[in-house]
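The sequence shown lines up with residues 1 to 221 when you count with the working numbering. What follows is a single structure, written as structure tokens, with notes after it.
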Amino acid sequence: MQVPPIPELTDIPMKVPLPVWVSNFISPTKFWLRLKNNKHRDPYIRDFVRGQTEHFYTLNVGAYCVADTGRNFDLARAFVLDIQKDGFGMPISAEVFCVDYGLTLVLGMNKLFPLSQIDAKIPCLAVPCSLRRLTSPSSTRLRDMVDWCVRPDAELEAVFYGTSEAGVYQVDMFVMTGENGQVRMNVAEDLIDRGIATRIWYPLPPQRGKITASSSKAPHH
């Protein structure tokens, strides 16, 4: 059964603070957010009965499926990134991207099941994001973020500014603490202060009508 692609979440309001939570964090320029007030909860996989639904024995890269992730988050809608085979060419496992969590897992074929059309209708809940105008040095690793953590009572807000050509949302993110969230910390500025990230400055466009002395002279032949 051919399942249509799970649609992307496209109705995110731009340039307004929105309550969010981080579903997966890799670096300041690669993480996934979910909207807290999204009308869609974790999709309930309706067309699935554990122990009765037959798993896949083979899959194609680019296919959608239901992933039984076990302790991670039970059942999840997933997109197949890669297939691993044994020495005889038999598929044994797959690398899948869980579209509602922004998380990539490798699971055995016995953990991957057909996704019905009705379960594919809800848009992807996790959206790929990057902190706006920020870059992290090549030496930055997840261990550099160990000391940077959000208090359990803190709330997160994000302001979305559109997407890159690859569909990654450019965002400003804030940590709200204290009563009624009166303390508002800019995540990008805090990471810069800690040396974990640096700001990207826009290049200044050339001024029209100005020609330098060197460029105004005709070349000699």
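From the three backbone atoms N, C-alpha and C, an ideal C-beta is built for every residue, glycine too.
Would you give the residue range spanned by the beta strand (DSSP E) that A63 belongs to? Counting along the chain, A63 falls outside any beta strand (DSSP E), and DSSP gives it neither H nor E.
Own chain, CB closer than 8 Å to A213, minus 5 neighbours either side, in chain order: A caution first: A213 carries a pLDDT of 47, below 50, which makes its placement in the model too unreliable to give a value.
Which class does L18 belong to by DSSP, given the choice of helix, strand or coil? Residue state, collapsed to three classes: strand.
According to DSSP, is A166 part of a helix, a strand, or is it coil? In the three-state reduction of the DSSP assignment, A166 falls in the coil class, being assigned neither a helical nor a strand state.
Report the rounded CA-to-CA distance for E165 versus Q52, giving the unit in angstroms. C-alpha separation (whole angstroms): 42 Å.
How long is the line joining the alpha carbons of L125 and V99, rounded to whole angstroms? Their backbone Cα atoms lie some 7 Å apart in a straight line.
I need the straight-line Cα distance from A63 to G87, nearest angstrom please. Near 23 Å, if we compare the C-alpha coordinates of G87 and A63.
In three-state terms, what does DSSP make of K121? When DSSP states are grouped into helix, strand and coil, K121 belongs to the coil group.
Three-pair Cβ contact test at 8 Å for the segment 17-24 versus the segment 154-168: Taking a cut-off of 8 Å on C-beta distances, the segment 17-24 touches the segment 154-168, as three or more cross pairs fall below it.
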